[in-house]
Amino acid sequence: MKNKLFSILTVLVLCLSMVIPVSAAGTHIFDNTNMIGQLSSLEAVAQNIEDTYGFSVLLTITDTTGDKTTYEYGEALYEANAAKADGLVLIYDYGANVYNFYRAGKAEELFTNDILESTVWNAFAYTETYY
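Count along the sequence shown starting at 1, add 12, and that's the number in our numbering.
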């Protein structure tokens, strides 16, 4: 799981390096399942995206999103924790085995569903099987 998420964030760094101006911000990784253990490498990738490209990047893994959809869960997380108006959240609901993305600001224009879907599936292909 940790390798998959690291791969996804690494690919996002490459995508962002081509389209986003430089700025600085903080980062947030939320592991509500304790599945990925040591988060320092993921934090470093997310921090690099924010410092270099001025995009807030949040990642959350949870057992449940409660009564919210994954999109609503990501939106609430972004609004409560994002340092920038532009950015994205990768939400993985482990309990339901569902992932989704929430995009804000310029991320809505830059990252279509097709781009994000192919990024996730390519990252899974390079690490281990999704199921």
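Here a beta-carbon is modelled for each residue, glycine too, at the ideal position from N, C-alpha and C.
Starting from residue i, trace the beta strand (DSSP E) in both directions and tell me its first and last residue.
i	result
Asn112	Val110 to Ala116
Asp98	Looking at the DSSP string, Asp98 is not in any beta strand (DSSP E), and its letter there is neither H nor E.
Quick check: what's the CA-CA separation for residue i versus residue j?
i	j	result
Gln59	Phe123	19 Å
Val57	Ala94	16 Å
Glu91	Glu129	23 Å
Ala88	Ala116	12 Å
Ile127	Val101	14 Å
Ile41	Glu121	23 Å
How would you write the range of the alpha helix (DSSP H) that residue i sits in, first residue to last?
i	result
Thr82	Thr82 to Asn93
Helix, strand or coil for residue i, going by three-state DSSP, please let me know.
i	result
Thr45	coil
Asp126	helix
Please check the pair residue i and residue j, which I expect to be a contact at CB under 8 Å, by giving their CB distance rounded to whole angstroms.
i	j	result
Asp75	Tyr106	6 Å
Asn112	Thr72	With a Cβ gap of about 10 Å, Asn112 and Thr72 do not count as contacting.
Using a beta-carbon distance below 8 Å, is residue i in contact with chain D?
i	result
Leu122	Included in the structure is just one protein chain, with no chain D present.
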